[in-house]
Each structure stands twice: as C-alpha cells, then as structure tokens.
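Engineer: If you read the sequences in order, they're chains F and Y. Once you know that position 81 of the first sequence is 81 in our numbering, the rest is easy, because the numbers rise by one and skip nothing. Once you know that position 4 of the second sequence is 4 in our numbering, the rest is easy, because the numbers rise by one and skip nothing. Don't be surprised by glycine CBs; every beta carbon is placed ideally from N, CA and C. Take this structure first; my questions come after.
There are 2 protein chains.
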Amino acid sequence: MQDIVSKLVEKNSSKIVLCVLDGLGGLPVDGKTELEAARTPNLDRISSGASLGLHVPVERGITPGSGAAHLALFGYDPVRNEIGRGVLEALGLGIDLGPSDMAVRGNFATVKYEGDTPVVADRRAGRISTEENRRVISRISSALSEICGVKINFYPGLEHRFVVVLSFIPHLSESDALVCDTDPQAEGKSPVRPSGENKSSQKTAEIAGELIDRACEVIRDEPAANYMLLRGFSVRPNLPTFEEAYELRAGCVAAYPMYRGVSKLLGMDVLDVSGDSIGDEIRTLSANFENYDFFYLHVKKTDSYGEDGNFAAKVGVIEEFDSLLPEIMGLGVDVLAVTGDHSTPAAMKSHSWHPVPLMISSKYCRGGGVAGFSESSCSSSDLGIIKATEIMPLLLAHAGRLRKFGA
Amino acid sequence: MQDIVSKLVEKNSSKIVLCVLDGLGGLPVDGKTELEAARTPNLDRISSGASLGLHVPVERGITPGSGAAHLALFGYDPVRNEIGRGVLEALGLGIDLGPSDMAVRGNFATVKYEGDTPVVADRRAGRISTEENRRVISRISSALSEICGVKINFYPGLEHRFVVVLSFIPHLSESDALVCDTDPQAEGKSPVRPSGENKSSQKTAEIAGELIDRACEVIRDEPAANYMLLRGFSVRPNLPTFEEAYELRAGCVAAYPMYRGVSKLLGMDVLDVSGDSIGDEIRTLSANFENYDFFYLHVKKTDSYGEDGNFAAKVGVIEEFDSLLPEIMGLGVDVLAVTGDHSTPAAMKSHSWHPVPLMISSKYCRGGGVAGFSESSCSSSDLGIIKATEIMPLLLAHAGRLRKFGA
Numbered sequence: 001m002q003d004i005v006s007k008l009v010e011k012n013s014s015k016i017v018l019c020v021l022d023g024l025g026g027l028p029v030d031g032k033t034e035l036e037a038a039r040t041p042n043l044d045r046i047s048s049g050a051s052l053g054l055h056v057p058v059e060r061g062i063t064p065g066s067g068a069a070h071l072a073l074f075g076y077d078p079v080r081n082e083i084g085r086g087v088l089e090a091l092g093l094g095i096d097l098g099p100s101d102m103a104v105r106g107n108f109a110t111v112k113y114e115g116d117t118p119v120v121a122d123r124r125a126g127r128i129s130t131e132e133n134r135r136v137i138s139r140i141s142s143a144l145s146e147i148c149g150v151k152i153n154f155y156p157g158l159e160h161r162f163v164v165v166l167s168f169i170p171h172l173s174e175s176d177a178l179v180c181d182t183d184p185q186a187e188g189k190s191p192v193r194p195s196g197e198n199k200s201s202q203k204t205a206e207i208a209g210e211l212i213d214r215a216c217e218v219i220r221d222e223p224a225a226n227y228m229l230l231r232g233f234s235v236r237p238n239l240p241t242f243e244e245a246y247e248l249r250a251g252c253v254a255a256y257p258m259y260r261g262v263s264k265l266l267g268m269d270v271l272d273v274s275g276d277s278i279g280d281e282i283r284t285l286s287a288n289f290e291n292y293d294f295f296y297l298h299v300k301k302t303d304s305y306g307e308d309g310n311f312a313a314k315v316g317v318i319e320e321f322d323s324l325l326p327e328i329m330g331l332g333v334d335v336l337a338v339t340g341d342h343s344t345p346a347a348m349k350s351h352s353w354h355p356v357p358l359m360i361s362s363k364y365c366r367g368g369g370v371a372g373f374s375e376s377s378c379s380s381s382d383l384g385i386i387k388a389t390e391i392m393p394l395l396l397a398h399a400g401r402l403r404k405f406g407a
Numbered sequence: 001m002q003d004i005v006s007k008l009v010e011k012n013s014s015k016i017v018l019c020v021l022d023g024l025g026g027l028p029v030d031g032k033t034e035l036e037a038a039r040t041p042n043l044d045r046i047s048s049g050a051s052l053g054l055h056v057p058v059e060r061g062i063t064p065g066s067g068a069a070h071l072a073l074f075g076y077d078p079v080r081n082e083i084g085r086g087v088l089e090a091l092g093l094g095i096d097l098g099p100s101d102m103a104v105r106g107n108f109a110t111v112k113y114e115g116d117t118p119v120v121a122d123r124r125a126g127r128i129s130t131e132e133n134r135r136v137i138s139r140i141s142s143a144l145s146e147i148c149g150v151k152i153n154f155y156p157g158l159e160h161r162f163v164v165v166l167s168f169i170p171h172l173s174e175s176d177a178l179v180c181d182t183d184p185q186a187e188g189k190s191p192v193r194p195s196g197e198n199k200s201s202q203k204t205a206e207i208a209g210e211l212i213d214r215a216c217e218v219i220r221d222e223p224a225a226n227y228m229l230l231r232g233f234s235v236r237p238n239l240p241t242f243e244e245a246y247e248l249r250a251g252c253v254a255a256y257p258m259y260r261g262v263s264k265l266l267g268m269d270v271l272d273v274s275g276d277s278i279g280d281e282i283r284t285l286s287a288n289f290e291n292y293d294f295f296y297l298h299v300k301k302t303d304s305y306g307e308d309g310n311f312a313a314k315v316g317v318i319e320e321f322d323s324l325l326p327e328i329m330g331l332g333v334d335v336l337a338v339t340g341d342h343s344t345p346a347a348m349k350s351h352s353w354h355p356v357p358l359m360i361s362s363k364y365c366r367g368g369g370v371a372g373f374s375e376s377s378c379s380s381s382d383l384g385i386i387k388a389t390e391i392m393p394l395l396l397a398h399a400g401r402l403r404k405f406g407a
C-alpha cells in the first residue's frame with residue numbers, strides 16, 4: 001500500500017492534522033463507552049459532515065503495543081516493520097539512537113553464586129526503587145564505558161529496568177543484533193550466555209558477554225541488584241521517512257518520550273512542548289503551524305486513565321480535548337483526523353484489540369449526518385472498518401496530495 | 001481471487017448484465033449526492049430486494065483512472081496488471097492491438113535546433129489543432145512506414161497527441177517495451193534519446209531512435225509541430241480472457257473507444273452500437289441478448305458531466321438510465337449489477353477515491369428493504385464495503401455459476 005502511495009504523492013499547500021487520543025476506543029460501562037459518555041459538542045458537530053469509521057490497528061483480535069499501533073497509524077506495516085524491544089525501551093527513555101547504535105533492554109536481578117556460577121534468585125532484584133537503580137547504574141557507568149572500541153552507555157529506567165546502548169563504529173544492520181536474550185525466564189536457573197545467530201551477531205554476543213562479566217563484577221557486592229539480564233538486542237529499523245514516503249514535512253507534537261522517539265524514527269521534526277497538557281501541545285502546534293504540512297498531535301492520558309481503570313478520568317480527557325478542538329480548527333486545518341492508536345477500555349484496564357473510532361474531516365467528505373462521534377456511530381458510517389495502514393492514504397487523498405492511479 | 005474463481009466456474013444458461021454508470025459515485029451538493037438527488041423509481045424498487053454495498057476500485061484513498069478501474073470491476077488486479085499508457089491511448093483511439101504490436105503515446109513538440117541538437121521550446125507544439133495534427137501525421141505516414149522490418153503506423157489523436165504502433169514480427173513481451181520516455185519534461189532541454197533497460201528493449205530503443213530521426217527530418221520545416229516526444233512504450237498485457245477466467249461468453253455494449261478497447265483486451269465481443277445514447281446501447285443489448293452469458297453495458301456521460309462539474313446533467317443521465325432499466329430487466333436478466341467504475345463527484349470535477357455505490361439483484365439476495373439506491377443506503381447495507389475485484393465472483397455466485405470450494 002505504501003509503495004503505491006509513494007509513487008502517487010505530490011505536494012501542495014494543504015495542512016493535515018492527525019490527533020491521536022491514545023487508547024481512545026472503549027467498552028461500555030452502564031451502557032456507554034468513554035467516548036459515548038463524554039460530552040463532545042465540537043467533535044459531534046464536525047463529525048456530522050465528516051467521514052467516520054473504525055480502524056483495526058494490526059489484525060482482528062490482535063492487541064497492539066503503542067509502538068506497533070503508531071507505526072500502523074503512520075502507514076507502515078506493523079508486522080513487517082517490528083520495532084525491537086531494546087529500541088522501543090530506548091525511545092521511551094528519550095534516548096537518541098543513531099545508525100551505529102544497538103539498544104538492549106536490561107533488568108537488574110539478584111543471583112546467588114554456586115562457585116563461580118550465578119543462579120538467578122530474583123529476576124527483578126526485588127523491584128528495587130528507581131533511586132537505587134540510578135545509584136547502581138552510576139557505579140557501573142564509572143567503571144565501564146568501552147569494550148573493544150565499542151562505547152557502552154547505561155540509562156536507568158523505572159524500578160529494576162534500564163537500557164544499555166552499544167555504539168559501534170560502522171553502521172549496523174538488523175543481523176548484527178541477532179543475539180539471544182540472557183534472561184533464563186525462571187528463578188533457580190543460570191543466566192543464559194549471550195550468543196549470536198550468525199557471524200556478525202557473534203561479535204556482538206562476545207561484547208555483550210564481556211559487558212555482563214565486567215558490569216556484574218562491579219556490582220557483585222550489591223545486596224539486591226547484583227546481576228543483570230539483557231534482552232531485546234535491536235537496532236533502529238530502516239524505514240522510509242515521512243518525506244520519502246509521502247513528501248510531507250511532518251511535525252510531532254507529543255509530550256511523552258516514546259511517541260517522540262517513534263516520530264523521530266520516521267523523520268518527523270519533534271517539536272518542543274512546554275508541559276504535558278493538551279493546551280501546551282496546542283500552543284506548540286500553533287507556533288509551528290506554518291512550517292509543516294502534517295502534524296501528529298498525541299494525547300497520552302486517555303490511555304493512562306484507561307490502564308488505571310479510571311473511566312471518569314478518561315471521559316474527562318476526551319472532554320478536555322473536545323473543548324480545545326476549536327483552537328486547532330481555527331489554525332486553518334484542511335484535513336483533520338481524530339482517532340486512537342488502539343483501544344484501552346477502562347473496563348479492561350489494558351490495551352485491547354477492539355477497532356478504534358476514526359473521524360476524517362475535509363471538504364471532500366460525503367458526510368452522513370450521523371449523531372455524534374462514538375463507537376456506534378463510527379460502526380454504521382461511510383468508511384466502514386478499515387486497516388490502520390489505510391488511514392494515511394485517505395488523509396493524503398483528502399488533502400489533494402495523491403495523483404490518479406493509471407490513466 | 002481470480003485464480004480461485006477460475007477453478008470453480010461452471011456453465012449454465014443464466015444471463016448476467018453489469019451496468020457501469022461511469023463515475024457514478026458523488027458528493028453532496030445541498031445535502032444530496034447526484035444519485036440521491038436523482039428520481040430513480042426503478043432502481044429504488046429493485047434495490048429494496050437486492051444486495052447493496054460500496055466498492056473500493058483500487059485501494060482506500062487511491063483515485064483510479066478508467067482503465068485501472070475497469071480492470072478491477074472485471075476482476076483483474078489493477079495494480080499487478082497495469083495497462084501501459086501507450087496501449088491505453090491506442091485503445092482510446094479505437095486501434096486494434098495484436099500480440100506483435102507495441103503502442104507508444106506521442107506528443108508533437110516545437111524544438112529549436114542548436115546546430116544539430118534539438119532543444120524543446122514547447123512540449124505541446126502550441127497545442128496545434130486536431131486538423132493540423134492530421135495533416136502532419138499524414139506527411140510522416142507517407143514518408144515512413146517501416147524500419148528494419150518493423151511496420152510503423154501513426155494515428156492522430158486530439159490536438160498535439162498521437163499514437164504510433166510498432167508492429168514487430170515475433171510476439172512481444174513486456175520486457176521488449178522497457179524503453180524510457182523521450183520527453184525531457186521541461187522546455188529548454190533536449191529530448192531524451194530512447195534507451196532500453198535490457199537487451200530486448202535496447203533493440204526497440206534503436207528502432208524508436210531511428211523512427212524519431214526519420215520522422216523529425218520529415219517535419220523539420222513545420223512551423224509548430226517540428227518534433228515528436230514519445231512515452232509510454234507498452235504492449236498488450238497478457239490477461240486471461242473472460243472465457244478463460246470465467247467461462248463466460250461476454251459481450252461489450254459501449255459507445256466509447258477506450259471501454260470497447262479494454263473489453264476487447266479481455267476477449268469480450270465488442271458489439272456494434274448505432275449511436276452513443278443509452279437507448280442505442282439497450283437496442284444492441286436486446287438484439288444480442290440470446291448470444292451471450294454476460295453483458296457489460298457502459299454509460300459514459302455520468303462521468304463526463306461529473307468532470308464538467310455539471311451536477312444537474314449528471315443527475316439527468318442517472319434518471320435516463322433509470323427510466324430505461326425496465327427494458328433491460330424485461331429481457332430476462334438473472335443477475336443485474338448497477339455500479340460505477342469509480343466516483344466522479346461534480347463537486348470535484350474529477351475522478352475521486354470515494355467508494356462507489358453497488359447494487360446486485362438476483363433471486364438469491366437477502367434484501368434489506370432499504371430506502372432506495374444511494375451512497376447512504378449502500379453504506380449501511382448487506383454487502384458492506386468490498387474491493388472492486390470481489391464483484392465478479394459475487395455475480396458468478398448469484399448466477400449459480402460457481403461450484404463449492406472444498407468438500
């Protein structure tokens with residue numbers, strides 16, 4: 001699909017704004033979903049002349065992670081272009097990855113030594129505090145910064161989690177990262193030694209092995225975090241940028257690191273946001289509106305409250321977005337899309353597979369005069385149920401940016 | 001899809017009529033689309049017991065040309081089976097292409113010579129009149145009819161456009177036509193010399209190069225059309241015929257050359273039509289009704305008026321078709337389909353990507369009792385939104401012409 005689209009794109013002066021209310025889709029509590037319970041006069045008014053439908057992020061029944069769901073929204077096949085765990089974790093910590101960087105996700109663990117052999121007693125080191133994590137990372141970092149010319153950087157995460165980035169000299173390919181996880185997945189077993197699937201990843205595995213030996217020697221005296229387990233060895237996927245795929249100058253307006261990181265992977269300019277409120281984001285959108293063709297605006301807290309099972313608070317975020325929508329439209333948007341990356345029903349306290357409400361508004365919509373923007377209006381409207389990867393082609397078409405296919 | 005269907009087809013005496021109202025789909029003006037504004041009592045009556053839906057000609061967001069859209073309607077993947085520009089232009093001029101023919105689209109251009117080097121001053125030769133075009137073509141044709149055993153035929157088109165057909169002795173494959181366009185795409189540049197991508201197309205390129213030299217020598221003294229630019233070197237795609245794919249004896253009832261040409265490519269019998277009115281077409285349908293299993297009946301002017309932005313006239317063509325529909329049904333049609341090849345909203349004055357209304361009527365329809373045949377009734381009916389390539393299997397199924405798949 002992206003291949004066909006890339007051959008047909010052309011530039012014009014139109015402005016596209018894709019608003020992603022993370023985890024927007026929901027399930028009913030007392031007969032109404034979060035979106036149906038929310039008072040959304042602006043969304044309702046716009047939707048009566050818009051195109052509505054639902055999108056399936058990956059496949060029917062598949063609950064996506066945020067990285068995969070966003071790739072799909074942006075038109076990249078999320079199955080063919082899986083983002084490695086290490087890279088995703090690094091993006092979540094706001095770490096910039098270059099083409100020579102390999103990212104690995106780490107857990108601190110507690111081991112007991114049987115002779116020289118470590119045996120895992122706690123795979124999460126008793127979920128040490130984030131402060132404790134920072135202290136241990138700092139001990140390791142001052143003792144270890146390079147192995148055989150490969151620069152090593154450790155970044156603390158939350159609790160027992162961290163990221164290690166291995167910066168090689170040449171550019172890396174995916175095959176360099178084909179190194180097994182070292183987590184034995186069970187207590188009472190020894191950690192797995194890193195090993196590579198091919199010649200180039202064997203080199204990586206040797207460096208990872210030495211990294212583990214040297215780092216774990218440094219922390220051998222720690223009471224809890226006296227060992228590390230590594231997994232998700234990965235490099236940045238090699239994806240066409242928004243400019244290459246769509247001829248769009250794209251700006252990312254997102255407060256949270258993971259979403260900023262995925263946008264950066266796709267060549268979007270990641271714009272500064274002064275805080276994490278929707279109002280802060282709209283100020284950024286407004287200040288940069290003339291400089292880009294396409295904006296991705298991300299609202300995080302619909303998902304956070306969904307994960308918390310806080311139905312009312314998720315409703316509140318949707319209402320807040322609705323109240324600010326006129327400010328966005330007032331900038332002179334030609335094509336507005338409002339959707340989620342996936343569903344996060346408060347009733348499930350987790351991401352889910354349910355198709356996600358989608359509204360596309362432009363002057364080229366048939367409009368259905370349907371009542372409001374909701375899961376039910378979207379499921380009986382003109383777009384039907386589409387795949388998330390079909391959204392970008394539709395936005396480009398509504399923006400007049402796709403030439404005719406064939407004569 | 002077509003592969004599965006071909007293995008399951010069987011013959012019977014049923015009659016299928018596929019009516020294509022070109023560019024049928026529309027967008028609302030004063031709240032109603034062209035189809036919704038039209039008074040269509042016959043379509044409305046039939047649709048209440050029919051299957052309704054919308055079809056996507058190529059992919060979501062993709063606006064198709066007529067050739068691609070018709071291939072899809074006829075069940076041929078329009079992306080895998082793209083029809084070359086030269087072939088499409090030839091079909092549009094009613095030129096018969098055999099398996100040894102290569103078609104090329106030509107533009108007359110005005111060049112200035114710097115020494116012996118032509119430099120393009122006007123890529124369209126001031127859009128010379130069609131009469132002027134005919135005169136220049138006739139000059140070239142009398143001077144040039146063969147190069148190295150390859151027969152050369154020039155056919156004038158409208159204004160500065162023409163088609164040249166190179167008739168080789170052996171049958172051609174697509175790789176023989178991999179010759180670059182010679183249009184430099186900008187004034188002030190020299191035309192590109194034809195070159196081939198591989199050995200067999202290099203031979204074509206040499207002939208094309210000599211063709212250009214010899215023809216342009218003939219017209220060097222012309223005031224405007226003193227040069228030619230060639231593009232879209234192409235051969236007939238090698239597609240299974242309707243007989244091969246569907247075991248259908250198929251008749252084409254279309255007044256306009258391009259549609260007759262595409263039908264011929266697919267092995268349909270192209271039937272004589274005495275004029276270009278829907279009434280003329282129905283007389284042809286009626287006269288040949290006993291001789292075929294499947295009829296493709298094409299109504300052009302819905303599209304033409306859509307392209308003109310003439311909403312009322314497009315409505316008028318739909319109403320005219322509706323008024324004549326009882327004559328078609330009176331012939332004893334078992335499966336009737338009414339749809340468009342794509343949308344051509346008068347509001348956009350162009351083809352568009354919007355899904356196209358589709359009605360299939362047979363005695364095997366569930367029927368929805370919906371109110372009328374329109375974009376909105378189709379978007380909330382039993383077929384949902386399907387791909388155009390799924391229509392032929394449905395028509396064959398409704399005609400009882402598909403065996404069970406598997407035991």
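Since residue 88 of chain Y meets chain F, which of its residues come closer than 9 Å, beta carbon to beta carbon?
Structural biologist: Here the question's residue 88 of chain Y lines up with position 88 in the second sequence. Ordered by position in chain F, the residues that pass the 9 Å Cβ test against residue 88 of chain Y are 406 and 407.
Engineer: Residue 395 of chain Y and residue 408 of chain Y - do their beta-carbons sit closer together than 9 Å?
Structural biologist: Look at the range of chain Y in this structure, 1 to 407, and you will see that residue 408 of chain Y is not part of it.
Engineer: Taking just the CA atoms, how far does residue 330 of chain F sit from residue 384 of chain Y?
Structural biologist: Along the second sequence, read from residue 1 onward, the residue named residue 384 of chain Y stands at position 384. Along the first sequence, read from residue 1 onward, the residue named residue 330 of chain F stands at position 330. Distance between the alpha carbons of residue 384 of chain Y and residue 330 of chain F: 35 Å.
Engineer: Who are the near neighbours of residue 104 of chain Y in its chain, counting only those whose CB is closer than 8 Å to its CB and skipping five residues on each side?
Structural biologist: Locating residue 104 of chain Y in the second sequence gives position 104, counting from the first residue. If we look at residue 104 of chain Y and ignore the five residues flanking it on each side, its Cβ neighbours are 86, 163, 164, 165, 166, 208, 230, 231, 232, 233 and 234.
Engineer: Taking beta-carbon pairs under 9 Å, can you tell me which members of the stretch 341-355 of chain F lie near chain Y?
Structural biologist: none
Engineer: Which same chain residues end up closer than 8 Å to residue 172 of chain Y when comparing Cβ atoms and leaving out the 5 residues on each side of it in sequence?
Structural biologist: The residue labelled residue 172 of chain Y in the question sits at position 172 within the second sequence. Only 99, 100, 101, 102 and 235 meet the Cβ criterion.
Engineer: In three-state terms, what does DSSP make of residue 125 of chain Y?
Structural biologist: Against the second sequence, residue 125 of chain Y aligns to sequence position 125. DSSP places residue 125 of chain Y in coil when its eight states are reduced to three.
Engineer: Kindly list the residues whose CB is nearer than 7 Å to the CB of residue 180 of chain Y, restricted to its own chain and excluding five residues on each side of it in sequence; keep chain order.
Structural biologist: Here residue 180 of chain Y corresponds to residue number 180 of the second sequence, with the count starting at 1. Counting only Cβ-Cβ distances below 7 Å, and skipping sequence neighbours, we find 192, 194 and 195.
Engineer: What are the residues that DSSP puts in a beta bridge with residue 107 of chain Y?
Structural biologist: Indexing the second sequence from 1 puts residue 107 of chain Y at position 107. Beta-bridge pairing links residue 107 of chain Y to Y:161 and Y:229.
Engineer: When the distance is taken between beta carbons, is residue 18 of chain Y closer than 9 Å to residue 265 of chain Y?
Structural biologist: If you number the second sequence from 1, residue 265 of chain Y lands on position 265. If you number the second sequence from 1, residue 18 of chain Y lands on position 18. The answer is no: Cβ separation not under 9 Å.
Engineer: State the start and end residues of the unbroken alpha helix (DSSP H) segment that holds residue 378 of chain Y.
Structural biologist: Counted from its first residue, the second sequence places residue 378 of chain Y at position 378. Here the alpha helix (DSSP H) through residue 378 of chain Y covers 375-379.
Engineer: Using a beta-carbon distance below 9 Å, is residue 298 of chain F in contact with chain C?
Structural biologist: Protein chains in the displayed structure are F and Y, and chain C is not among them.
Engineer: Spell out whether any CB of chain F is found under 9 Å from the CB atom of residue 63 of chain Y.
Structural biologist: If you number the second sequence from 1, residue 63 of chain Y lands on position 63. It does: the Cβ of residue 63 of chain Y has a partner Cβ on chain F nearer than 9 Å.
Engineer: Examine the Cβ distances between the stretch 133-147 of chain Y and the stretch 212-232 of chain Y and report whether three or more of them are shorter than 8 Å.
Structural biologist: Yes: at least three Cβ pairs fall under 8 Å.
Engineer: Have a look at Y:407, Y:375 and Y:381 and flag the residue whose alpha-carbon is nearest the alpha-carbon of residue 26 of chain Y.
Structural biologist: If you number the second sequence from 1, residue 26 of chain Y lands on position 26. Nearest of Y:407, Y:375 and Y:381 to residue 26 of chain Y, Cα basis: Y:375.
Engineer: Could you tell me whether the stretch 357-364 of chain F touches the stretch 43-53 of chain F, using the rule of 3 or more Cβ pairs below 8 Å?
Structural biologist: yes
Engineer: If you drop the 5 nearest sequence neighbours on each side, which residues of the same chain put their C-beta closer than 6 Å to that of residue 177 of chain Y?
Structural biologist: For the purposes of this step, residue 177 of chain Y is identified with residue 177 of the second sequence, where counting begins at 1. The answer, listed in chain order, is 102, 233, 234 and 235.
Engineer: Nearer than 8 Å: is that true of the beta carbon of residue 364 of chain Y relative to any heavy atom of the ligand FMN?
Structural biologist: Summarising the ligand content, the structure contains no ligands, and the ligand FMN is consequently not present.
Engineer: Just by C-beta distance, which residues in the stretch 383-404 of chain F are closer than 7 Å to chain Y?
Structural biologist: 384, 386, 390, 393, 394, 396, 397, 402 and 404
Engineer: Quick check: the stretch 57-77 of chain Y against the stretch 334-345 of chain Y, are at least 3 beta-carbon pairs closer than 8 Å?
Structural biologist: yes
Engineer: Spell out a yes or no on whether the stretch 298-306 of chain Y and the stretch 245-265 of chain Y are touching, meaning 3 or more CB-CB pairs, one atom from each, closer than 8 Å.
Structural biologist: yes
Engineer: With DSSP run on the structure shown, which of helix, strand or coil describes residue 386 of chain Y?
Structural biologist: The count along the second sequence starts at 1 and reaches residue 386 of chain Y at position 386. Residue 386 of chain Y: strand per DSSP, three-state reduction.
Engineer: Between F:8, F:294 and F:24, which has its C-alpha nearest residue 305 of chain F's C-alpha?
Structural biologist: The residue you call residue 305 of chain F lines up with position 305 of the first sequence. The residue with the shortest Cα to Cα distance from residue 305 of chain F is F:24.
Engineer: Using the C-alpha atoms, what's the distance from residue 243 of chain F back to residue 318 of chain F?
Structural biologist: Here residue 318 of chain F is taken as the residue at index 318 of the first sequence, counted from 1. Here residue 243 of chain F is taken as the residue at index 243 of the first sequence, counted from 1. Looking at the two C-alpha atoms, the distance is approximately 31 Å.
Engineer: When burial is assigned at 16 or more other CB atoms within 10 Å of the CB, is residue 334 of chain Y buried or exposed?
Structural biologist: On the second sequence, residue 334 of chain Y is found 334 positions in, with the first residue counted as 1. Buried.
Engineer: Between the Cα of residue 203 of chain Y and the Cα atoms of Y:296, Y:148 and Y:187, which residue gives the shortest distance?
Structural biologist: Within the second sequence, numbered from 1, the residue matching residue 203 of chain Y stands at position 203. Per the Cα distances, Y:148.
Engineer: Taking 9 Å as the cut-off, decide whether the C-beta atoms of residue 82 of chain Y and residue 68 of chain Y are in contact.
Structural biologist: Along the second sequence, one-based indexing puts residue 82 of chain Y at 82. Along the second sequence, one-based indexing puts residue 68 of chain Y at 68. For residue 82 of chain Y and residue 68 of chain Y, yes; Cβs fall inside 9 Å.
Engineer: Assuming residue 175 of chain Y and residue 145 of chain Y form a contact by the criterion Cβ under 8 Å, report the distance between their Cβ atoms to the nearest whole angstrom.
Structural biologist: One-based indexing of the second sequence puts residue 175 of chain Y at position 175. One-based indexing of the second sequence puts residue 145 of chain Y at position 145. The pair is not a contact, with the Cβ atoms about 26 Å apart (cut-off 8 Å).
Engineer: If I'm right that residue 273 of chain Y touches residue 284 of chain Y with Cβ under 8 Å, what's the distance once you round it to whole angstroms?
Structural biologist: Along the second sequence, one-based indexing puts residue 273 of chain Y at 273. Along the second sequence, one-based indexing puts residue 284 of chain Y at 284. 5 Å between Cβ atoms; contact.
Engineer: Just curious, the alpha helix (DSSP H) that residue 92 of chain F is in, first and last residue?
Structural biologist: Residue numbering aside, residue 92 of chain F sits at position 92 when the first sequence is read from its first letter. Element bounds for residue 92 of chain F: 85-92.
Engineer: Can you name the start and end residues of the alpha helix (DSSP H) that residue 301 of chain Y belongs to?
Structural biologist: Taking the second sequence and counting its residues from 1, the one referred to as residue 301 of chain Y is at position 301. Per DSSP, residue 301 of chain Y belongs to the alpha helix (DSSP H) from 301-308.
Engineer: Taking the continuous alpha helix (DSSP H) assigned at residue 264 of chain F, which residues delimit it?
Structural biologist: Here residue 264 of chain F corresponds to residue number 264 of the first sequence, with the count starting at 1. Run containing residue 264 of chain F: 257-265, per the alpha helix (DSSP H) assignment.
Engineer: Between the beta-carbon of residue 398 of chain F and the beta-carbon of residue 64 of chain F, is there less than 9 Å?
Structural biologist: Residue mapping note: residue 398 of chain F aligns to position 398 of the first sequence, counting from 1. Residue mapping note: residue 64 of chain F aligns to position 64 of the first sequence, counting from 1. Contact flag unset, no.
Engineer: Have a look at F:290, F:35, F:241 and F:282 and flag the residue whose alpha-carbon is nearest the alpha-carbon of residue 268 of chain F.
Structural biologist: Residue mapping note: residue 268 of chain F aligns to position 268 of the first sequence, counting from 1. Looking at the Cα atoms, F:241 is the closest of the given residues.
Engineer: Note down, in chain order, all residues in the stretch 126-156 of chain F with a beta-carbon under 7 Å from any beta-carbon belonging to chain Y.
Structural biologist: The residues in question: there are none.
Engineer: Using only alpha-carbon positions, find the residue among Y:108, Y:406 and Y:357 that is nearest to residue 382 of chain Y.
Structural biologist: Within the second sequence, numbered from 1, the residue matching residue 382 of chain Y stands at position 382. Minimum Cα distance to residue 382 of chain Y is reached at Y:357.
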